[in-house]
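As you go down the protein sequences, you meet chains V and B in turn. Residues in the first sequence are numbered from 1 upward in steps of one, following this note's numbering. Residues in the second sequence are numbered from 1 upward in steps of one, following this note's numbering. Even for Gly, the Cβ is constructed at its ideal location relative to N, Cα and C.
Number of protein chains: 2
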Amino acid sequence: MAFNEVFQYSTVSALMDGVASDGTLLKHILAHGDHGIGTFLNMEGEMIVLDGHVFQVKGDGSVIYADPEETVVPFATVTRFRPALTTRRTMTGKWGLKELLTDLFPKAKNHFLVVRVDGLFKTITLRTVYGQCRPREGLVDVCTRRTTETLKQVKGTIVGFRCPEFANGLNIAGDHFHFITEDRQRGGHVLSFDTEHDVEIAAAEMVKYHLELPADDDEFNEAGLKQQPEPSLFAK
Amino acid sequence: MAFNEVFQYSTVSALMDGVASDGTLLKHILAHGDHGIGTFLNMEGEMIVLDGHVFQVKGDGSVIYADPEETVVPFATVTRFRPALTTRRTMTGKWGLKELLTDLFPKAKNHFLVVRVDGLFKTITLRTVYGQCRPREGLVDVCTRRTTETLKQVKGTIVGFRCPEFANGLNIAGDHFHFITEDRQRGGHVLSFDTEHDVEIAAAEMVKYHLELPADDDEFNEAGLKQQPEPSLFAK
Chain V
1 MAFNEVFQYS TVSALMDGVA SDGTLLKHIL AHGDHGIGTF LNMEGEMIVL DGHVFQVKGD
61 GSVIYADPEE TVVPFATVTR FRPALTTRRT MTGKWGLKEL LTDLFPKAKN HFLVVRVDGL
121 FKTITLRTVY GQCRPREGLV DVCTRRTTET LKQVKGTIVG FRCPEFANGL NIAGDHFHFI
181 TEDRQRGGHV LSFDTEHDVE IAAAEMVKYH LELPADDDEF NEAGLKQQPE PSLFAK
Chain B
1 MAFNEVFQYS TVSALMDGVA SDGTLLKHIL AHGDHGIGTF LNMEGEMIVL DGHVFQVKGD
61 GSVIYADPEE TVVPFATVTR FRPALTTRRT MTGKWGLKEL LTDLFPKAKN HFLVVRVDGL
121 FKTITLRTVY GQCRPREGLV DVCTRRTTET LKQVKGTIVG FRCPEFANGL NIAGDHFHFI
181 TEDRQRGGHV LSFDTEHDVE IAAAEMVKYH LELPADDDEF NEAGLKQQPE PSLFAK
């Protein structure tokens, strides 16, 4: 796959319906990209793909390295990231990053964006999840047992995507970011953050989107796959 | 691209918002598939891609050959079709074909299907459209000036796709078929049909979906791109 094209395995609507007990090998995901986000079997935690390495943030916020040969992945979004644009800024929160990206890519209103932010964060609030209590438990219920923590004066990297409105259901419309600390000890889904010094933002616009659906997967086949995920799940 | 993978240029939600005054060259579409459906600049008529040849059904139901080197296409869905399954049946209408496909592919409830039906049709009712009266006129308004005709005892080919529910907005959820007569003189979007002799059905399941969005296209960038097309537009 060429640089800056989206590769996605399965759909967010499948996670909403609790389809997470099977998937594809992580090495298959990595064959399509070196940068991205996702989840793990039974939605156990948050995935960060950074420079081709994959980290699993467990339910308690701790991080382990995921073995590409052995890890089975029910959902992920990745790209072979090559920044089209880099800049240094101070930002307040996801709203600040949202405005910055919109300004930087005025012709990408209906395109995908890939984003990476490196630097020292004054604060960053992260969410992670313990995973399903039973097969087919949906993402909304999984997220009721979420853990949040706020890290202060921490160095690390935000990895994520912006998806256009019409891709909702397949993925999450809008911005969706995960974070991992520089020492690779803590991480999670980004709820909010603040910076007081410049951080480095790298991003690119993407117009090609490649979706691979689970095959020979009874759970996926039987799922209702609603189109509209709960927006509040990802917005806050 | 491998056999039986979906390639789609632009989105149905873009057509709903009237984004149809620019596009990609037809030869670029044909590089990704030899079988499919779509529309033309300013939504002028219905596209049938059959065995790598492209036909344009004009607003009056007549058919012309579309030159891959010169024709600009705002929206199309194609695949490199290789039937996974063929059968001969008598069917009543789109409902009959729908039931047949569901029976033939029990594990494809949330996958894409590609379909081709060849044979003698007792009746077939077709719709076509004249196209936009002005730039940005949406598909719903374009379809108010539709032409329908019913052909009787006519030989020809149905070409089309089934898309899963979660792909609505990107494409049309459900079945979507176009038709062209064997003599390539008439055609259109299939509203209904009936057979009294066996026709030949060829189909395949598809789990890979490749979307390419218009780039450097102000109309596309400025469009609102609603997720939900009017279902009745395509169901009847």
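- Residue 55/V is bridged by DSSP to 48/V and 65/V.
- When rounded, the separation of the alpha-carbon atoms in residue 176/B and residue 118/B is 16 Å.
- Contact between the stretch 55-65 of chain V and the stretch 139-149 of chain V is present: three or more C-beta pairs spanning the two stretches fall below 8 Å.
- Around the C-beta of residue 111/B, 16 or more other C-beta atoms lie within 10 Å, and the residue is accordingly described as buried.
- Proximity of residue 216/B to chain V, defined by a Cβ-Cβ separation below 9 Å, is satisfied.
- Assigned with DSSP and collapsed to three states, residue 225/V falls in coil, not helix or strand.
- The beta carbon of residue 176/V does not come within 9 Å of any beta carbon belonging to chain B, so the residue lies off that interface.
- In the three-state reduction of the DSSP assignment, residue 220/B falls in the helix class.
- When the beta-carbon positions are compared, residue 21/B and residue 68/B stay at least 9 Å from each other.
- Among the residues facing chain V, residue 21/B is not included, as its CB has no counterpart in that chain under 9 Å away.
- Sequence-distant partners of residue 33/V (beyond 5 residues in either direction) whose C-beta falls short of 6 Å from its own C-beta, in its chain, are 7, 78, 79 and 80.
- Fewer than three pairs of CB atoms, one per stretch, sit closer than 8 Å, so the stretch 39-47 of chain B makes no contact with the stretch 80-93 of chain B.
- Minimum Cα-Cα distance from residue 83/V among the listed residues 201/V, 139/V and 30/V corresponds to 201/V.
- Taking the beta carbon of residue 209/B as reference, the chain V residues within 7 Å of it are 211, listed in sequence order.
- Against chain B, the CB of residue 221/V has a partner CB under 9 Å away; the residue lies at that interface.
- Residues of the stretch 83-114 of chain B with a C-beta atom less than 7 Å from some C-beta of chain V are 107, 109, 110 and 111, listed in chain order.
- A check of alpha carbon separations from residue 174/V across 95/V, 56/V and 30/V identifies 95/V as the nearest.
- The DSSP assignment places 93-104 as complete runs of the alpha helix (DSSP H) inside the stretch 70-143 of chain V, in order along the chain (cut-off: 4 residues).
- With contacts defined by Cβ atoms closer than 9 Å, residue 170/V and residue 179/B do not form a contacting pair.
- Taking C-beta atoms as the reference points, residue 129/V and residue 44/V count as a pair closer than 9 Å.
- A straight-line Cα-Cα distance of about 6 Å links residue 157/B and residue 181/B.
- DSSP, read as helix, strand or coil, puts residue 196/V in coil.
- DSSP places residue 154/B in the uninterrupted beta strand (DSSP E) bounded by 146-163.
- Using a C-beta cut-off of 8 Å, the stretch 194-211 of chain B makes no contact with the stretch 102-116 of chain V, since fewer than three inter-stretch Cβ pairs fall below that distance.
- By the neighbour-count definition (other C-beta atoms within 10 Å, threshold 16), residue 197/V is an exposed residue.
- For residue 154/V, the CB contacts under 6 Å within the same chain, skipping 5 residues up- and downstream, are 121 and 181 in chain order.
- The beta carbons of residue 189/B and residue 116/B sit about 16 Å from each other, so the pair does not count as a contact at 8 Å.
- According to DSSP, residue 171/B shares a beta bridge with 168/B.
- Ranking 125/B, 124/B, 141/B and 123/B by CA distance to the CA of residue 131/B puts 141/B first.
- Exposure of residue 134/V is indicated by the presence of fewer than 16 other C-beta atoms within 10 angstroms of its C-beta.
- Minimum Cα-Cα distance from residue 85/B among the listed residues 109/B, 30/B and 113/B corresponds to 113/B.
- Between residue 170/B and chain V, the shortest Cβ-Cβ separation is below 9 Å.
- The beta-bridge partner set that DSSP reports for residue 181/B consists of 156/B.
- For residue 17/V, the number of other beta carbons within 10 angstroms of its own is at least 16, and it is reported as buried.
- Taking C-beta atoms as the reference points, residue 72/B and residue 15/B fail to come closer than 9 Å.
- Residues are counted here when their Cβ sits less than 8 Å from a Cβ of chain V; for the stretch 2-13 of chain B these are 11 and 13, given in chain order.
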